[in-house]
Each structure stands twice: as structure tokens, then as C-alpha cells.
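Asker: For reference, the structure I am asking about is given below.
There are 2 protein chains.
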Amino acid sequence: MCTRVQIPALGDTHVTVRGDPAHPTTDDPVRPMTDENAPLQPTPRRPRRVTAQDVAQAAGVSRTAVSRAFNPDSYLDPAKRERVLKTALDIGYRPNALAASLQGTRTGLVGVIAGDLGSPYDSEVLAALVASLTRADKWPLVLGGPDAVTDQAILSVLRYPLDALIIRGGSLGPEITATCEKLNIPMIFAGRIGSNPQADSVVCDNRAGTTEAVDLLLNGGRRRFGYLGGPANWSSERERLAGVVSRLAGAGLALVAHRHADYTFEGGRRAARALLDTRALDALICGNDAMALGALCCARHDLGLAVPDDLALVGFDDIAMARWPEYRLTTVRNPIESTVAAIVRLLEMRMAHPQRPAERVMITPTLIARATH
Amino acid sequence: MCTRVQIPALGDTHVTVRGDPAHPTTDDPVRPMTDENAPLQPTPRRPRRVTAQDVAQAAGVSRTAVSRAFNPDSYLDPAKRERVLKTALDIGYRPNALAASLQGTRTGLVGVIAGDLGSPYDSEVLAALVASLTRADKWPLVLGGPDAVTDQAILSVLRYPLDALIIRGGSLGPEITATCEKLNIPMIFAGRIGSNPQADSVVCDNRAGTTEAVDLLLNGGRRRFGYLGGPANWSSERERLAGVVSRLAGAGLALVAHRHADYTFEGGRRAARALLDTRALDALICGNDAMALGALCCARHDLGLAVPDDLALVGFDDIAMARWPEYRLTTVRNPIESTVAAIVRLLEMRMAHPQRPAERVMITPTLIARATH
DNA sequence: TCCAAATGTGCACACGTGTTCAGATACCGG
DNA sequence: CCGGTATCTGAACACGTGTGCACATTTGGA
Numbered sequence: 005m006c007t008r009v010q011i012p013a014l015g016d017t018h019v020t021v022r023g024d025p026a027h028p029t030t031d032d033p034v035r036p037m038t039d040e041n042a043p044l045q046p047t048p049r050r051p052r053r054v055t056a057q058d059v060a061q062a063a064g065v066s067r068t069a070v071s072r073a074f075n076p077d078s079y080l081d082p083a084k085r086e087r088v089l090k091t092a093l094d095i096g097y098r099p100n101a102l103a104a105s106l107q108g109t110r111t112g113l114v115g116v117i118a119g120d121l122g123s124p125y126d127s128e129v130l131a132a133l134v135a136s137l138t139r140a141d142k143w144p145l146v147l148g149g150p151d152a153v154t155d156q157a158i159l160s161v162l163r164y165p166l167d168a169l170i171i172r173g174g175s176l177g178p179e180i181t182a183t184c185e186k187l188n189i190p191m192i193f194a195g196r197i198g199s200n201p202q203a204d205s206v207v208c209d210n211r212a213g214t215t216e217a218v219d220l221l222l223n224g225g226r227r228r229f230g231y232l233g234g235p236a237n238w239s240s241e242r243e244r245l246a247g248v249v250s251r252l253a254g255a256g257l258a259l260v261a262h263r264h265a266d267y268t269f270e271g272g273r274r275a276a277r278a279l280l281d282t283r284a285l286d287a288l289i290c291g292n293d294a295m296a297l298g299a300l301c302c303a304r305h306d307l308g309l310a311v312p313d314d315l316a317l318v319g320f321d322d323i324a325m326a327r328w329p330e331y332r333l334t335t336v337r338n339p340i341e342s343t344v345a346a347i348v349r350l351l352e353m354r355m356a357h358p359q360r361p362a363e364r365v366m367i368t369p370t371l372i373a374r375a376t377h
Numbered sequence: 005m006c007t008r009v010q011i012p013a014l015g016d017t018h019v020t021v022r023g024d025p026a027h028p029t030t031d032d033p034v035r036p037m038t039d040e041n042a043p044l045q046p047t048p049r050r051p052r053r054v055t056a057q058d059v060a061q062a063a064g065v066s067r068t069a070v071s072r073a074f075n076p077d078s079y080l081d082p083a084k085r086e087r088v089l090k091t092a093l094d095i096g097y098r099p100n101a102l103a104a105s106l107q108g109t110r111t112g113l114v115g116v117i118a119g120d121l122g123s124p125y126d127s128e129v130l131a132a133l134v135a136s137l138t139r140a141d142k143w144p145l146v147l148g149g150p151d152a153v154t155d156q157a158i159l160s161v162l163r164y165p166l167d168a169l170i171i172r173g174g175s176l177g178p179e180i181t182a183t184c185e186k187l188n189i190p191m192i193f194a195g196r197i198g199s200n201p202q203a204d205s206v207v208c209d210n211r212a213g214t215t216e217a218v219d220l221l222l223n224g225g226r227r228r229f230g231y232l233g234g235p236a237n238w239s240s241e242r243e244r245l246a247g248v249v250s251r252l253a254g255a256g257l258a259l260v261a262h263r264h265a266d267y268t269f270e271g272g273r274r275a276a277r278a279l280l281d282t283r284a285l286d287a288l289i290c291g292n293d294a295m296a297l298g299a300l301c302c303a304r305h306d307l308g309l310a311v312p313d314d315l316a317l318v319g320f321d322d323i324a325m326a327r328w329p330e331y332r333l334t335t336v337r338n339p340i341e342s343t344v345a346a347i348v349r350l351l352e353m354r355m356a357h358p359q360r361p362a363e364r365v366m367i368t369p370t371l372i373a374r375a376t377h
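Protein chains in written order, with this note's numbering: chain H, 5 to 377; chain G, 5 to 377.
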């Protein structure tokens with residue numbers, strides 16, 4: 005009953021505002037019946053939004069003038085423009101970016117595929133990326149979370165006319181890539197070699213990173229190396245491993261032990277246990293910091309090893325916690341700021357020159373020596 | 005002159021594109037000239053997208069049929085539907101969700117204001133929220149990062165017809181709230197009392213949380229309490245403080261010391277130093293876990309205090325690191341899963357019943373006793 | 001005073017989609 | 001074979017915006 009009264013009221017403003025979409029009133033006789041099974045109607049339509057037409061009417065100008073008032077490039081009498089903007093503010097009008105995008109303008113929407121967001125490093129990157137995109141007037145449509153980044157989900161998000169798609173984490177089926185290309189949505193890969201080399205990408209020089217780590221430990225006199233990596237099928241992971249192996253080979257050494265886990269603290273802790281139980285190692289290099297911290301925890305608490313005396317430990321990424329006094333983890337910094345800056349730069353270049361050849365930015369990691377080596 | 009030439013050329017391909025996307029060749033005679041001052045043209049238009057019309061042409065059906073093929077509610081001959089979907093897949097067509105939303109359908113876009121994303125708890129909540137929204141077929145437009153959530157940014161994002169706006173962190177100017185209401189965009193507040201009580205909100209029972217923490221410490225024989233809080237103007241912060249103060253008062257006690265910091269590890273560490281230097285406390289309650297960990301670090305390393313023997317320490321939130329063996333922080337869990345579930349539920353209810361009265365969900369935190377009390 | 005140039009404005013179209021409505025086609029009983 | 005009905009389909013409109021083009025108005029100079 006209450007709603008009955010309210011809806012015509014709404015419809016009333018509705019009617020006066022526009023020409024005459026008399027829908028609501030025509031529907032009314034039916035409403036009382038449908039009210040009960042309201043849940044049945046699948047999705048109630050979005051309530052009407054204030055439009056440029058409304059502003060025009062309120063300000064006594066043409067709709068065109070309203071449009072021009074909001075676009076600095078178009079000409080409009082300054083006084084009139086001010087008046088329009090004033091009344092727009094009053095009645096709470098915002099130009100509908102979606103309707104505008106039908107004209108061929110950019111949408112400003114950028115898809116961001118963020119992976120499972122489980123690891124602290126991923127979270128830090130996402131935070132920095134979101135902040136940078138916001139500053140660059142690009143609005144990130146974020147896809148992420150454990151098991152949430154399915155092909156289905158990506159296809160759904162591709163229904164929106166995105167200016168670009170940033171892939172950082174998660175893997176992309178080939179049909180997704182193909183769809184993107186057909187839809188003319190440029191892709192920017194970050195963190196892993198782009199599966200198709202004709203897309204922009206930002207990659208870390210993973211080999212150089214772990215090579216440097218091995219060097220540090222060799223100089224420290226370590227000889228019996230272990231490696232604790234992430235999922236073996238990730239290309240970045242393979243590169244990190246390759247850096248370790250090849251540098252060791254250069255010194256006439258080979259890995260004593262070697263294992264893959266899931267890039268998490270707990271996973272690292274468990275895998276480290278299996279790796280260290282034999283006490284055959286004096287150095288352990290980890291594929292990321294979360295696992296390195298897990299390994300550190302394992303060494304200290306589960307096995308009673310002294311770090312770095314009994315065991316040297318090096319991580320990868322340099323997450324915030326690696327700096328914390330409890331850990332002071334020696335690690336290879338995978339610099340977030342430069343990575344994000346590179347992504348945004350590639351994005352802006354791509355927007356400005358859609359046809360330019362793909363660029364690949366290589367980020368050089370730096371060794372951060374702290375207290376675990 | 006150059007632009008003069010280019011515009012007809014563009015218009016030309018534009019027309020022919022339907023059948024023949026001959027862009028490059030037609031443009032070619034002009035390109036060499038425009039290439040030089042290409043940066044001058046402000047924003048090149050978004051390249052054309054495959055449309056339903058293209059599919060219709062390719063499949064030899066009407067555009068209407070294509071539309072129907074993608075909407076299960078509309079009727080279409082099954083064989084024809086299949087053929088349409090097939091060719092759509094071939095040429096990589098996806099219905100344009102934005103154009104569709106002009107019809108009044110929901111956009112599926114949800115704004116998420118995530119605050120500065122500095123704290124681990126915020127990141128964890130964001131990750132969980134993004135994942136849940138993805139599963140609920142809602143696509144989050146995330147705004148966050150230090151200094152990135154300005155009123156200007158929020159107004160920008162309001163140009164998109166959002167189905168709803170989720171505010172968790174950051175503060176909202178009153179004019180933003182007003183604009184949202186005028187635009188008919190429902191708001192859902194999480195983590196703090198909604199500034200306007202007629203909006204949906206999910207709040208944690210902060211008072212109950214810190215009350216329970218004080219109880220635990222009182223039972224443990226502590227008497228000289230300190231409190232280390234976050235920014236004093238946050239309502240959630242005030243409630244946590246109030247819980248401490250009032251429970252202490254109930255026991256005939258008062259806070260010995262009391263300080264505000266910025267909710268970060270380092271901030272907590274510094275503030276704890278100032279707070280603990282006098283050694284007048286035997287219990288310290290912190291407004292969140294990050295600061296509690298900082299305080300723990302300070303107690304152990306900077307001051308050489310034994311925790312919990314010299315000092316009991318309790319945090320708030322229960323972030324992942326609180327569980328780590330290095331810390332084993334006793335804390336008040338601010339449950340992420342229930343919070344996010346509540347947000348999504350409120351969102352779905354609001355979508356289904358736009359006119360329903362505002363609901364406020366209270367989340368009850370639970371004390372997690374670990375090793376610092 | 002008159003004309004050309006400059007300035008300001010509104011009409012009308014386009015964008016890509018969902019949906020209504022009337023018309024076309026197939027089916028079936030008489 | 002005919003008429004009625006159920007099934008299927010395409011033309012046309014609406015959604016909210018940007019913009020080219022033509023027209024209206026003002027300005028300046030001779």
C-alpha cells in the first residue's frame with residue numbers, strides 16, 4: 005500500500021520530467037497483484053537518472069548547451085556555461101559516461117585481472133596500481149580473488165567496452181586472448197611474459213634477480229643450495245629457478261634440493277620443513293617473500309636452526325613485512341613503483357597511439373641485503 | 005588542413021567499415037602527414053567494436069535476432085539461436101553492456117571506495133569483497149590508494165551509472181552523499197556508521213570487541229592499561245576507545261595512558277615507544293593489528309620487554325600475520341567473511357527491492373586468545 | 001546604412017542495444 | 001480450400017550523449 009502510493013508519486017515526477025513515459029501509471033492496475041510475487045520479476049529496472057534534458061529544462065537552455073557546458077572543447081557562452089553548471093550541481097546531474105562512450109569517446113574503464121590476491125605482494129601491487137590508475141583518470145574494473153578469475157568471469161567483463169585490459173596474475177585461456185583482439189581491446193601483461201609477444205608487457209628480470217642472490221650467498225661462503233619455488237608452470241617461476249641453476253653451474257655447483265609450493269606463508273613453511281629436515285643445506289633461496297618468511301619461521305621454530313648462521317635465506321619481491329624487525333629478510337626487490345609506473349605509461353602510450361608496435365619493459369630487480377644471509 | 009583531410013577520410017571508412025574495414029589503406033595516403041603531429045589530436049577515438057549488426061550480417065539474420073539470441077528470456081528459433089551464437093563466437097562479438105544499460109537494465113557496475121589500502125586488513129577485505137562481487141556477477145570499480153580517493157575522483161566515477169556504491173574506508177563529503185542520492189545510486193557503508201542513517205550499512209560492534217579484550221586482561225590480573233588508537237575522528241575508533249574506557253570504569257579503573265597514531269606498523273611502533281617508555285603499563289590495547297604488531301616489535305626489540313610477562317598486548321581485526329608464529333597475537337577478530345557476505349547480501353536485497361527501508365547489519369567480533377596476553 | 005565576418009545556438013543524426021508491435025509464416029481442424 | 005490460431009520475425013522506437021551543420025544573432029568596418 006505504502007509502495008503503491010509511493011510509486012505513482014515517483015512516476016509522477018517521472019512523467020513531468022520527461023515527455024511522457026506513462027509506463028508506471030499504465031502498470032499500476034497490475035501492480036497490486038505483482039506486488040506479492042515481486043521477487044518473481046527478474047531484475048527491476050534501474051531507477052531513472054537525471055539527464056542532460058532535465059538540466060536543460062531547469063536552466064532554460066537547450067540540451068545541446070548542457071552537453072557543451074561539460075565539454076571544455078566545445079564552445080559556449082561563458083555566462084550560460086556557468087549557469088548550466090550551477091543548476092547541474094543543484095539537481096545533481098552528472099553526464100552519463102556510458103552513453104557518452106557510444107559516441108566513440110573512450111570509456112575510461114580499464115579491466116584489471118589481479119590473480120588470487122592471496123599473497124601480500126599481489127595486494128601491494130594491486131593497491132599501487134589502483135591508486136595510479138585513479139590518478140591517471142582511468143577507472144579499474146578489478147577481477148580477482150581465489151577461484152574468482154574464471155574464463156567465464158573474464159568474458160563477462162569483456163561485455164564492457166574497456167579501454168584496455170591489464171593482466172597481472174591468473175592465466176588467460178587462448179580464446180580470451182583471441183576475443184580481446186577481436187574486440188580491439190589492447191592487453192597489457194605484467195609480471196609474466198605475455199603469451200602473445202605482440203602485446204605490451206612489463207616483466208621483471210627474474211633471472212638476474214636470483215643470479216644476484218646466488219652471488220651474494222656464494223660470496224658468503226655458502227655451497228649447499230636449496231631452492232623453494234612457486235607453481236612450476238609459471239614462466240616467472242621458471243626464470244627464477246633458471247637464474248639459480250645457471251649461476252650455480254657457473255660456479256661448478258648444482259642444487260642440492262629443490263621443491264615447489266604455492267607461494268604462501270604456510271605452504272612455504274611446510275615445504276621448507278621437508279627441504280630442511282635433512283640439514284643438508286646451508287642456503288635456501290625462495291621464489292617469493294611469503295614462502296621465505298614461512299621458511300624462516302620453520303627454520304627458527306620447527307627445526308631450531310639459526311639464521312643466518314646455520315642457514316642463509318633469501319626471498320624475492322621485498323614485501324612490506326620483509327622489512328619488519330622480526331624478520332629483516334634479505335631479498336630481491338621486485339620494485340612495485342617502477343612496475344606500476346611502467347604499466348600506466350604503457351597504457352597511456354597505447355591510448356595515444358593505438359597502432360604503435362608492442363613494447364616490452366624490463367624491470368631490473370635489486371638485491372636488498374638484510375639479516376638473513 | 006591536415007585535419008580537414010582526415011575527417012572526411014575517417015567518415016569514409018566509417019561508412020564502409022560495415023562491410024569492409026579498410027581503415028589502414030584508405031588512411032594511408034594521409035598518415036605520413038598526420039603521423040608527425042599525431043600527438044596533437046587529443047584522444048584518438050576508440051577503435052570500432054564488433055556489433056550485433058556485424059553478427060547479423062555474417063549470420064544472415066536480422067539484428068533483432070542477434071539480440072534475442074543472447075537474451076534467454078526472448079524467444080528465438082533454437083536452430084537460429086545456435087547459429088547466431090556460433091558466428092558471434094567466431095567473429096568475437098560480445099554484447100555491449102553499456103549500450104544495453106541505456107535501456108534501463110542494470111549495469112552490473114558497483115563502485116567500491118576502499119580507502120588508502122595501506123593496512124593489511126583493508127587489503128584483505130578488499131580482496132574478499134572483490135572475489136565475492138565477482139561471484140555475484142557484480143563488477144567492482146575500485147577507488148583506492150593513498151591520496152587517491154579525492155572528492156574529485158568520486159565525482160568522476162559517479163559519471164558511470166553504478167548499481168550501487170560501497171563505501172569502506174575513506175570519508176565522504178556531504179556533497180558526495182547528496183549527489184549519490186540525486187543520482188539514485190544506493191550506498192552501502194561498511195566499517196563505519198553510515199553518515200546518513202537511511203543508507204544500508206554493515207558495522208562491527210567495536211565496543212563489544214574492546215570490552216571483551218579488557219575483560220580478558222582484567223581476568224589475567226592486569227591493572228595498568230594503555231590504549232593505542234587510530235585517527236581520533238574515525239567513529240569506529242571512538243567506539244573502540246569507548247569500549248575500553250567504559251569497561252575499565254566498570255572495574256573502577258581508568259586508562260593510564262592513551263595515544264593516537266595512524267593504524268600502520270611503523271606508526272604503532274613509534275607511538276608504543278612513547279607510551280611504554282615510562283614502563284607504567286602492564287597492558288596495552290591497540291586499535292588495530294598492524295599497530296599491535298608494531299607495538300609488539302617495539303616492546304621486544306626497542307625496550308626489551310617480555311610479552312606477555314611484562315606486558316600484555318591485544319590487537320583488533322585478526323589479520324593474517326597475527327596468526328604467524330613470530331607474533332601469535334591475541335586479538336579481536338573483525339570477521340572478514342561475514343562482513344563481506346553481509347555487504348553482498350545487502351547489495352542484492354537493495355537490487356531486488358530498491359524501495360526497502362535501510363538495513364543495518366551488526367557484526368559481532370570474537371576474541372582470539374593467542375600468546376600475547 | 002549595409003554587408004561581411006565573427007560569434008553563438010539548436011536541430012538532427014549517430015552510437016549499440018532491448019523491446020514492443022504488427023505483420024508474416026506455418027500449422028491444423030473443419 | 002478456407003479461416004483461425006500459434007509461432008516466428010523484422011521494422012521502429014527509446015535510451016542519453018557528442019557533434020557537424022546550418023541558421024540566427026551580434027559585431028565591426030566602410
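Glycine residues also receive a C-beta, built at the ideal position from the N, C-alpha and C atoms.
#1: Just to check my reading of the structure: leucine 279(H) and leucine 232(H) have Cβ atoms closer than 8 Å, yes? What is that Cβ distance to the nearest angstrom?
#2: Counting only beta-carbon separations shorter than 9 Å, does alanine 182(G) have a partner in chain H?
#3: DSSP state of alanine 194(G), grouped into three classes?
#4: If you pair each beta-carbon of the region 270-278 of chain H with each one of the region 291-302 of chain H, do three or more pairs fall below 8 Å?
#5: Which word fits asparagine 210(H), buried or exposed, when buried means at least 16 other C-beta atoms lie within 10 angstroms of its C-beta?
#6: Taking 9 Å as the CB-CB cut-off, is isoleucine 95(H) touching chain G?
#7: Say whether the region 119-131 of chain H touches the region 313-323 of chain H, bearing in mind that this needs 3 or more beta-carbon pairs closer than 8 Å, one atom from each stretch.
#8: Taking all protein chains shown into account, do 16 or more other C-beta atoms lie within 10 angstroms of the C-beta of proline 165(H), making it buried, or fewer, making it exposed?
#9: Pick out whichever of Gln57(H), Lys142(H), Thr68(H) and Ala92(H) has its Cα sitting closest to the Cα of arginine 349(H).
#10: When the Cα atoms are used, what is the spatial distance from alanine 79(G) to alanine 73(G)?
#11: In angstroms with no decimal places, state the Cα-to-Cα distance between alanine 132(H) and valine 344(H).
#12: Tyrosine 164(H) versus chain G: which residues are under 7 Å apart at the beta carbon?
#13: In the structure shown, what three-state DSSP assignment does glycine 230(H) receive?
#14: Could you tell me which whole beta strand (DSSP E) segments of length 3 or greater appear in the region 109-140 of chain G?
#15: By the three-class DSSP mapping on this structure, what secondary structure does alanine 362(G) have?
#16: Note down, in chain order, all residues in the region 131-149 of chain H with a beta-carbon under 9 Å from any beta-carbon belonging to chain G.
#17: Going by DSSP in three states, isoleucine 372(G) sits in which element: helix, strand or coil?
#18: From serine 66(G) to aspartate 58(G), what does the alpha carbon distance come to, in whole angstroms?
#19: Does the beta carbon of serine 175(H) come closer than 9 Å to any beta carbon on chain G?
#20: For glycine 195(H), collect the residues of the same chain with a Cβ closer than 6 Å to its Cβ; drop the 5 residues on either side in sequence, then sort them by chain order.
#21: Applying a beta-carbon distance threshold of less than 8 Å, which residues of chain H neighbour glycine 106(G)?
#22: Does threonine 111(G) get closer than 9 Å to chain H when you measure Cβ to Cβ?
#23: Against glutamate 330(H), what residues of chain G qualify as contacts under a CB-to-CB distance less than 7 Å, listed in chain order?
#24: Mapping the DSSP letters down to three states, classify aspartate 94(G) as helix, strand or coil.
#25: Ignore the nearest five residues each way along the sequence and tell me which others in valine 365(G)'s own chain have a CB closer than 6 Å to its CB.
#26: Going along chain G, which residues have a C-beta under 8 Å from valine 59(H)?
#27: With respect to the alpha helix (DSSP H) encompassing arginine 304(G), which residues constitute its N-terminal and C-terminal limits?
#28: Report, in whole angstroms, the separation of the C-beta atoms of proline 190(G) and alanine 168(G), which I expect to be a contact under 8 Å.
#29: Is the beta carbon of valine 218(G) less than 9 Å from the beta carbon of alanine 255(G)?
#30: Which residues in chain G have a C-beta closer than 8 Å to the C-beta of arginine 98(H)? List them in chain order.
#31: Any beta-carbon of chain G closer than 9 Å to the one on methionine 295(H)?
#32: Based on the DSSP secondary-structure assignment, which residues constitute the bridge partners of isoleucine 367(G)?
#33: Is the beta carbon of glycine 224(G) less than 9 Å from the beta carbon of histidine 357(G)?
#34: DSSP three-state label for valine 318(H), please.
#35: Curious, which full-length alpha helix (DSSP H) runs of at least 4 residues does the region 233-263 of chain H contain?
#36: Return the bridge partner residues of leucine 184(H) from the DSSP annotation.
Answerer: Taking the coordinates as given:
#1: Along the first sequence, read from residue 1 onward, the residue named residue 279(H) stands at position 275. Along the first sequence, read from residue 1 onward, the residue named residue 232(H) stands at position 228. Confirmed, Cβ separation roughly 6 Å.
#2: Position 178 of the second sequence, counted from the first residue, corresponds to residue 182(G). Yes, alanine 182(G) lies at the interface with chain H (some Cβ there is under 9 Å from its Cβ).
#3: Taking the second sequence and counting its residues from 1, one reaches residue 194(G) at position 190. Strand.
#4: Three or more Cβ pairs closer than 8 Å define a contact, and the region 270-278 of chain H meets that threshold against the region 291-302 of chain H.
#5: On the first sequence, position 206 is the one that residue 210(H) refers to. Under the 10 Å beta carbon count, asparagine 210(H) is surrounded by 16 or more other beta carbons and is classified as buried.
#6: Mapped onto the first sequence, residue 95(H) falls at position 91. Taking Cβ atoms only, chain G reaches closer than 9 Å to isoleucine 95(H), which makes this a yes.
#7: The way I'd put it, the region 119-131 of chain H does touch the region 313-323 of chain H; three or more beta-carbon pairs between them come closer than 8 Å.
#8: Mapped onto the first sequence, residue 165(H) falls at position 161. So proline 165(H) counts as buried.
#9: Locating residue 349(H) in the first sequence gives position 345, counting from the first residue. Comparing Cα-Cα distances from arginine 349(H) to each of Gln57(H), Lys142(H), Thr68(H) and Ala92(H), the minimum goes to Lys142(H).
#10: The sequence position of residue 79(G) within the second sequence is 75, counting from 1. The sequence position of residue 73(G) within the second sequence is 69, counting from 1. First, the amino acid is wrong: residue 79(G) is tyrosine here, not alanine. If you draw a straight line from the Cα of tyrosine 79(G) to the Cα of alanine 73(G), it is about 8 Å long.
#11: For the purposes of this step, residue 132(H) is taken as the residue at position 128 of the first sequence. For the purposes of this step, residue 344(H) is taken as the residue at position 340 of the first sequence. The straight-line gap from Cα to Cα measures roughly 7 Å.
#12: In the first sequence, residue 164(H) corresponds to position 160, counting from 1. Annotation: Cβ neighbours of tyrosine 164(H) in chain G (cutoff 7 Å, chain order): Ala101 and Leu102.
#13: The residue you call residue 230(H) lines up with position 226 of the first sequence. Of the three classes helix, strand and coil, the one that applies to glycine 230(H) here is strand, per DSSP.
#14: Counting only runs that start and end inside the region 109-140 of chain G, the beta strand (DSSP E) elements of at least 3 residues fall at 113-117.
#15: As a first step, residue 362(G) must be located in the second sequence, where it is residue number 358. Per DSSP, reduced to three states, the secondary structure at alanine 362(G) is coil, with no helix or strand assignment.
#16: Considering only beta carbons, the part of the region 131-149 of chain H lying closer than 9 Å to chain G consists of Ala131, Ala132, Leu133, Val134, Ala135, Ser136, Leu137, Thr138, Arg139, Asp141, Trp143, Pro144, Leu145, Val146, Leu147, Gly148 and Gly149, in chain order.
#17: For this step, residue 372(G) is matched to residue 368 along the second sequence. If DSSP states are grouped into helix, strand and coil, isoleucine 372(G) belongs with the strands.
#18: In the second sequence, residue 66(G) corresponds to position 62, counting from 1. In the second sequence, residue 58(G) corresponds to position 54, counting from 1. Roughly 10 Å separates the two Cα atoms.
#19: The residue you call residue 175(H) lines up with position 171 of the first sequence. Answer no: the Cβ-Cβ gap between serine 175(H) and chain G never drops below 9 Å.
#20: Looking up residue 195(H) in the first sequence gives position 191. Only Arg172 meet the Cβ criterion.
#21: Against the second sequence, residue 106(G) aligns to sequence position 102. Per the sequence presented here, residue 106(G) reads as leucine, with glycine not at that position. For leucine 106(G), the chain H residues whose Cβ falls inside 8 Å of its Cβ are Leu102, Ala103 and Leu106, in order along the chain.
#22: Taking the second sequence and counting its residues from 1, one reaches residue 111(G) at position 107. Yes, its Cβ sits closer than 9 Å to a Cβ of chain H.
#23: The residue given as residue 330(H) occupies position 326 in the first sequence. Result: Cys301 and Glu330.
#24: By one-based count along the second sequence, residue 94(G) stands at place 90. In the structure shown, aspartate 94(G) sits in a helix (DSSP, three-state: H, G or I).
#25: The residue you call residue 365(G) lines up with position 361 of the second sequence. Closer than 6 Å at Cβ, skipping near neighbours: Val206 and Ala346.
#26: Stepping through the first sequence from its first residue, residue 59(H) is reached at position 55. Going along chain G, no residue has its Cβ under 8 Å from valine 59(H), so there is no contact; the nearest lies around 12 Å.
#27: Here residue 304(G) refers to the residue found at position 300 of the second sequence. Counting along the chain, arginine 304(G) sits inside no alpha helix (DSSP H), nor does DSSP assign it H or E at all.
#28: As a working mapping, residue 190(G) is identified with position 186 in the second sequence. As a working mapping, residue 168(G) is identified with position 164 in the second sequence. About 5 Å separates the beta carbons of proline 190(G) and alanine 168(G), which is inside the 8 Å limit, making them a contact pair.
#29: The residue you call residue 218(G) lines up with position 214 of the second sequence. The residue you call residue 255(G) lines up with position 251 of the second sequence. For valine 218(G) and alanine 255(G), yes; Cβs fall inside 9 Å.
#30: Residue mapping note: residue 98(H) aligns to position 94 of the first sequence, counting from 1. Chain G residues near arginine 98(H): Leu159, Leu162, Arg163, Thr183 and Leu187.
#31: Counting from 1 along the first sequence, the entry for residue 295(H) is found at position 291. In terms of beta-carbon proximity, methionine 295(H) stays away from the interface with chain G, with every pair separated by 9 Å or more.
#32: As a first step, residue 367(G) must be located in the second sequence, where it is residue number 363. DSSP, once it has assigned bridges, lists Cys208(G) as partnering isoleucine 367(G).
#33: Taking the second sequence and counting its residues from 1, one reaches residue 224(G) at position 220. Taking the second sequence and counting its residues from 1, one reaches residue 357(G) at position 353. At the C-beta level, glycine 224(G) and histidine 357(G) stay beyond 9 Å of one another.
#34: The sequence position of residue 318(H) within the first sequence is 314, counting from 1. In the structure shown, valine 318(H) sits in a strand (DSSP, three-state: E or B).
#35: Those alpha helix (DSSP H) runs which fall completely within the region 233-263 of chain H and span 4+ residues are 239-254.
#36: One-based indexing of the first sequence puts residue 184(H) at position 180. What sits at residue 184(H) in the sequence shown is cysteine, not leucine. Beta-bridge analysis with DSSP links cysteine 184(H) to no other residue.
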